[in-house]
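Remarks on the structure that follows.
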Amino acid sequence: MERLLKIDRRIIFVFVAAAVTIPLLIKFDLPVIATKEVRGIYDKIDSLSEGSHVLIAFDYDPASKEELQPMAIALLHHCFKNNIKVIGMTLNPGGTGLADSAITEVGNEYGRKYKEDYVFLGYKTGVELVMINMGENIYSAFPKDFKGNATTDMPALKDVQSLQDFDFVVDLASGSSIEAWIAFGKEKYNFDLGAGCTAVIGPDMYPFLQSKQIEGLMSGLKGAAEYETLINRKSSAVAGMSPQSVVHVLVVFFVIFGNTLYFMTRRKK
Amino acid sequence: MDKKTDVSILTWILVAFCVINIFFLVTGKLGFDAKGLGIITAVALTLAMYSFLYKDNPVFKIAENLFVGVAMGYWIIITWFNILKPDVFEQLIVPFFKDTGNAPQYIVIIPTLLGIFMLLRFSDKLSWLSRWSFAFVVGLGAGITIPNFIHAFILKQLTFDSLIAGSLPDSINNFLILLGVVSVLIYFFFSLEHKGVIGGVSRIGVWFLMIAFGASFGFTVMARMSLLIGRIQFLIRDWLGIIQ
Amino acid sequence: MNFFKRTIPLIIAFIMGIMMAFQYYVPHEASQSLLKVVTRWGITIAGFAVFIGAYSLFHLHWNKIKRKVPGWGYSTFVFFGAGITIIFGLYNGGEFFLHDKQEGTMFDWMYFNVQVPAGATMFSILAFFMASAAYRTFRARTSEATILLIAAVIVMLGRVPVGALIWEFLPPIADWIMSVPNMAAKRGILIGVSIGAIATSLRIIFGIERAYLGGGD
């Protein structure tokens, strides 16, 4: 039994790889039901009228791409489908390329025009300083967009002077930017905020949900899958839910099996 | 396992990788263009990273160091195009040489100088000047933190729902939330000796914390597995084309 | 000289801190303008921080190469990766770096085909090690560890679609764990951490906390 407890960890690795790969190859669908946290963001965007302004902060980098990029894409589909003007930005230098590609690809899919229907403002450093500066005047923080165009008089930003003028702001975060958006953005300049984050920081966001400092929360690939289900456009996040389920069952099995072996060997001793 | 086995495993993987890619290039499944070669490069790096699961090895280390270098290079260039170029170069320097319709923004000299001072941290003689820059940024950060944190994270978070709610389960939940917050705060309050009533309450705090840490562990497993799922999707969908 | 090296930085931090803390309570136009100007300056100053990061990284790897420490050869790849990315970035698809950033250049290619896959994969490796840890070290040795373990198992199963198929009450129990005990504990931590951040801010403003000054006199 002790030998079983001390098996080569690479055997465990093989099990994990199989638990992820096989469900993707066999492909079986499991029902993904949207939670009220994810529905909070969906309902908010759905309630916005055509031409409303939504700011999406892509505050993540390649390390969290697999969780947050599907979320960003689902969110963008919803916005562009509803003819909402999308303004993108990032506080993470590693996120610029991912944000730019997501916003451009989905925008093109719906035939939306850059500068008129959407714009990517690019990256600024200083986190809370950027938020406060945008809260005072968005053109001060971003005099130019990611491509170098002057932002003043840009049709996509018509009627937007500061953060207060956005109908909804969504932060997609892999770090502590949601807290910063709450403290230095939402609470200071009073706008509706939604959050999407990696599953690692998801549990830390629940106090803000309960205090209604965020309208809704998407956490991890599961959150993205729920959003894909809500917009009726099942893609990589929904496809990822079957391997996610199988691998979770495997990890739970490991925990139970490991503990059973441990206590049996201890009793023997 | 000895070195010989490791080398033969590496060789076979390399051969398989080359054969598959040559096959894809010849059959036109992957184009001999930026996109096709990009996918091959991305797959090579993905597999190089995963080779760490077998054991720490030179291929992994090369990929790791290359990644660190590229990420730093990207950060530098993005900072130039997004911050230094539009906010300093074009506002302060360009108007001297070109008629942009705008006068040079002399006020930009102050943050530019403070930014340059910050870099003097590495100088032996002038590193003291960097303290001025750090003092500016740190003082500014401290100043804005105090009122905003009090408002957003203390006053707003200390608002609890009534214990007499519409239904019994809601009332119990509201009570549990109050108990949890108070007991966790008492647990963290080390100025009081954790004995008697305080000790009992702080023990309840530990239970709440354990449930929260358990939830965080569960979510962390979920996060890491999602990343793995994404990479496997990339390999079998974008590269091998086995799934749609 | 001590005045310039020590006293002035402390005065700057004090003035900035006090001014910005009080600014919050003064909703006057002049006060708003001040906030706009100093945060704008802060963004520009923070932009230069990239070079501090770059210096630290390159210095570390240059020393490894110079001293020929074991594995120094790998450090050359840091310079190789950074070098070609910076060169492609400055070349900017033939437009060079004084013009606006061009799309679809070799610089973007490096990002999408080197940085993105390598970065995404590096962190996914942890998936395997977490599974291994779950099997080898995650033990219900004490009552606290048992509570943690049970919560983790319920959340892991309740948050994925298969949870409802195993037992229909798993998802609602997982939701309850998240929004009641987890929420309460995280709120306690949040309040505690915020009090700590406020205390640190006060210590900085009043010159008690001086770590940002660095070493030396």
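Protein chains in written order, with the numbering used here: chain B, 10 to 278; chain W, 85 to 328; chain H, 25 to 241. Quick reminder that beta carbons are idealized off the backbone N, C-alpha and C, glycines included.
What are the boundary residues of the alpha helix (DSSP H) that includes residue i?
| i | result |
| --- | --- |
| GLY306/H | With chain H represented from 25 up to 241, any question about residue 306/H goes unanswered, as that position is not in the structure. |
| PHE279/B | Outside the shown range of chain B (10 to 278) lies residue 279/B, about which nothing can therefore be said. |
| GLY250/W | It is not in any alpha helix (DSSP H) - GLY250/W carries neither H nor E in the DSSP assignment. |
| VAL179/B | Premise fails: VAL179/B lies in the beta strand (DSSP E), 177-182, not in any alpha helix (DSSP H). |
| VAL103/W | 87-111 |
| ILE194/W | 193-203 |
| ALA223/H | 207-229 |
| LEU226/B | First-last for LEU226/B: 226-228, but that is the beta strand (DSSP E), not the alpha helix (DSSP H). |
| LEU202/B | Segment 202-206 is the beta strand (DSSP E) holding LEU202/B; no alpha helix (DSSP H) there. |
| TYR329/W | Since the first and last residues shown for chain W are 85 and 328, residue 329/W lies out of range. |
| LYS29/H | No alpha helix (DSSP H) holds LYS29/H; DSSP gives it neither H nor E. |
| ALA26/B | 18-35 |
| ARG160/H | 140-160 |
| ARG12/B | 11-14 |
| MET133/W | 118-134 |
| THR192/B | The sequence as given places Ala at residue 192/B; Thr does not occur at that position. Per DSSP, ALA192/B belongs to no alpha helix (DSSP H) and is neither H nor E. |
| GLN219/B | 215-219 |
| TYR51/B | 45-56 |
| SER61/B | No alpha helix (DSSP H) holds SER61/B; DSSP gives it neither H nor E. |
| PHE181/W | 178-181 |
| ASN117/B | 105-118 |
| GLY325/W | Premise fails: GLY325/W is in no alpha helix (DSSP H) and is neither H nor E. |
| ALA187/W | Segment: none, ALA187/W is in no alpha helix (DSSP H) and carries neither H nor E. |
| GLU168/H | 167-182 |
| TRP133/H | 130-134 |
| ASP171/W | Run containing ASP171/W: none; DSSP gives neither H nor E here. |
Tell me which residue opens and which closes the beta strand (DSSP E) that residue i is part of.
| i | result |
| --- | --- |
| ALA72/B | Careful: ALA72/B lies outside any beta strand (DSSP E) and carries neither H nor E. |
| VAL95/B | 94-99 |
Compare the C-beta of residue i against all C-beta atoms of chain A and say whether one is closer than 8 Å.
| i | result |
| --- | --- |
| GLN189/W | Absent from the structure: chain A. Protein chains present are B, W and H. |
To the nearest whole angstrom, what separates the beta carbons of residue i and residue j, a pair I think is in contact under 8 Å?
| i | j | result |
| --- | --- | --- |
| ILE160/W | VAL74/H | 6 Å |
| VAL47/B | ILE82/B | With a Cβ gap of about 15 Å, VAL47/B and ILE82/B do not count as contacting. |
| VAL184/H | VAL261/B | VAL184/H to VAL261/B, Cβ: 10 Å. No contact. |
| ARG64/H | ASN142/B | 6 Å |
| VAL172/W | VAL192/W | 6 Å |
| LEU98/W | PHE101/H | Contact flag wrong, Cβ pair sits at about 18 Å. |
| THR109/H | TYR158/W | 6 Å |
| ASN258/W | SER246/W | 7 Å |
> Counting only runs that start and end within the segment 33-118 of chain H, where is the beta strand (DSSP E) found for 3 or more residues in a row?
Replying inline: none
> What residues in the segment 199-229 of chain W bring their beta carbon closer than 8 Å to a beta carbon of chain H?
Replying inline: GLY199, ILE200, MET202, LEU203, ARG205, PHE206, SER211, TRP212, SER214, ARG215, TRP216, SER217, PHE218, ALA219, PHE220, VAL221, VAL222, GLY223, LEU224, GLY225, ALA226, GLY227, ILE228 and THR229
>> Please identify, using Cβ separations under 7 Å, the residues of the segment 130-163 of chain H that lie next to chain W, in order along the chain.
In response: PHE131, TRP133, MET134, TYR135, PHE136, ASN137, VAL138, GLN139, PRO141, ALA142, GLY143, ALA144, THR145, MET146, PHE147, SER148, ILE149, LEU150, ALA151, PHE152 and MET154
>> List, from N- to C-terminal side, the beta strand (DSSP E) runs of 3 residues or more that fit wholly inside the segment 126-184 of chain B.
In response: Within the segment 126-184 of chain B, the complete beta strand (DSSP E) segments at least 3 residues long are 127-132 and 177-182, listed from N- to C-terminus.
> Of the residues that make up the segment 306-324 of chain W, which ones have a beta carbon closer than 8 Å to any beta carbon in chain H?
Replying inline: Within the segment 306-324 of chain W, the qualifying residues are MET306, ARG308, MET309, LEU311, LEU312, GLY314, ARG315 and PHE318.
> Are at least three pairs of beta-carbons, each pair with one atom in the segment 124-133 of chain W and one in the segment 68-88 of chain H, less than 8 Å apart?
Replying inline: no
>> Check whether the segment 20-31 of chain B and the segment 150-163 of chain H are in contact - that is, three or more C-beta pairs closer than 8 Å.
In response: Contact between the segment 20-31 of chain B and the segment 150-163 of chain H is present, because at least three Cβ pairs lie under 8 Å.
> Using a beta-carbon distance cut-off of less than 9 Å, what residues from the segment 289-306 of chain W approach chain H?
Replying inline: GLY289, VAL290, TRP291, PHE292, LEU293, MET294, ILE295, ALA296, PHE297, GLY298, ALA299, SER300, PHE301, GLY302, PHE303, THR304, VAL305 and MET306
> According to a CB-to-CB cut-off of less than 9 Å, which residues of the segment 54-75 of chain H neighbour chain W?
Replying inline: The segment 54-75 of chain H vs chain W, Cβ under 9 Å: LEU59, VAL61, VAL62, THR63, ARG64, TRP65, GLY66, ILE67, THR68, ILE69, ALA70, GLY71, PHE72, ALA73, VAL74 and PHE75.
>> Residues of the segment 81-111 of chain B in Cβ contact with chain W at a cutoff of 7 Å, in chain order, please.
In response: PRO102, GLY103 and THR105
> Should the segment 91-99 of chain W be regarded as contacting the segment 60-80 of chain B, the criterion being three or more beta carbon pairs within less than 8 Å?
Replying inline: no
> For the segment 232-243 of chain B against the segment 132-146 of chain H, are there 3 or more C-beta pairs whose distance is under 8 Å?
Replying inline: no
> Taking one C-beta from the segment 280-293 of chain W and one from the segment 218-234 of chain H each time, how about it: are there three or more such pairs within less than 8 Å?
Replying inline: no
> When the Cβ atoms of the segment 162-176 of chain B are set against those of the segment 85-102 of chain B, are three or more pairs found closer than 8 Å?
Replying inline: By the C-beta criterion, the segment 162-176 of chain B is judged to be in contact with the segment 85-102 of chain B, since at least 3 inter-stretch pairs fall below 8 Å.
> Which whole runs of the alpha helix (DSSP H) in the segment 229-284 of chain W are 4 residues long or more, in chain order?
Replying inline: Taking only runs of at least 4 residues, the alpha helix (DSSP H) segments lying wholly in the segment 229-284 of chain W are 252-272.
>> Residues of the segment 208-235 of chain B in Cβ contact with chain H at a cutoff of 7 Å, in chain order, please.
In response: PRO212, ASP213, TYR215, PRO216, GLN219 and LYS231
> At a Cβ cut of 8 Å, what residues of the segment 12-35 of chain B count as close to chain W, listed as they run along the chain?
Replying inline: Those residues of the segment 12-35 of chain B placed with their C-beta closer than 8 Å to a C-beta in chain W are ARG19, PHE22, VAL25, ALA26, VAL29, THR30, LEU33 and LEU34, ordered along the chain.
> Relative to chain H, which residues along the segment 135-164 of chain W have a C-beta separation below 9 Å, given in chain order?
Replying inline: Within the segment 135-164 of chain W, the residues whose Cβ lies closer than 9 Å to some Cβ of chain H are PHE136, LEU137, PRO142, LYS145, ILE146, ALA147, GLU148, ASN149, LEU150, PHE151, VAL152, GLY153, VAL154, ALA155, MET156, GLY157, TYR158, TRP159, ILE160, ILE161, ILE162, THR163 and TRP164, listed in chain order.
> Does the pairing of the segment 28-46 of chain H with the segment 190-208 of chain W give three or more beta-carbon distances under 8 Å?
Replying inline: no
>> Pairs of beta-carbons, one from the segment 187-205 of chain B and one from the segment 221-232 of chain B, closer than 8 Å: are there three or more?
In response: yes
> Between the segment 291-305 of chain W and the segment 313-326 of chain W, are three or more C-beta pairs nearer than 8 Å?
Replying inline: no
>> So, does the segment 142-159 of chain B touch the segment 112-127 of chain H, judging by three or more C-beta pairs under 8 Å?
In response: Yes, the segment 142-159 of chain B is in contact with the segment 112-127 of chain H.
>> By the 8 Å beta-carbon criterion, what residues does the segment 165-182 of chain H contribute toward chain B?
In response: LEU173, ALA176, VAL177, MET180 and LEU181
> Any chance the segment 196-211 of chain H sits against the segment 290-299 of chain W, with 3 or more Cβ pairs inside 8 Å?
Replying inline: In short, these stretches touch, since the Cβ pair count reaches three.
> Looking at C-beta atoms only, is the number of pairs between the segment 211-223 of chain H and the segment 262-271 of chain W that lie closer than 8 Å three or more?
Replying inline: yes
>> Taking beta-carbon pairs under 9 Å, can you tell me which members of the segment 183-213 of chain H lie near chain W?
In response: ARG183, VAL184, ALA198, TRP200, ILE201, MET202, SER203, VAL204, PRO205, ASN206, MET207, ALA208, ALA209, LYS210, ARG211, GLY212 and ILE213
> How do the segment 28-45 of chain B and the segment 132-148 of chain B stand: do at least 3 beta-carbon pairs fall below 8 Å, yes or no?
Replying inline: Too few Cβ pairs lie closer than 8 Å, so no.
> With a cut-off of 8 Å, do at least 3 Cβ pairs link the segment 65-79 of chain B to the segment 179-187 of chain B?
Replying inline: yes
> Listed in chain order, which residues of the segment 122-137 of chain B have Cβ atoms closer than 8 Å to some Cβ of chain W?
Replying inline: GLY131, TYR132, LYS133, THR134 and GLU137
> Taking a cut of 8 Å between CB atoms, which residues from the segment 103-123 of chain W lie near chain B?
Replying inline: The segment 103-123 of chain W vs chain B, Cβ under 8 Å: nothing.
> When you check each C-beta in the segment 148-170 of chain B against every C-beta of chain H, which residues fall closer than 9 Å?
Replying inline: SER149, ALA150, LYS153, PHE155, LYS156, GLY157 and ASN158
>> Using a Cβ-Cβ cutoff of 9 Å, what residues of the segment 55-81 of chain B are near chain W? List them in chain order.
In response: ASP70, PRO71, ALA72, SER73, LYS74, GLU75, GLU76, GLN78 and PRO79
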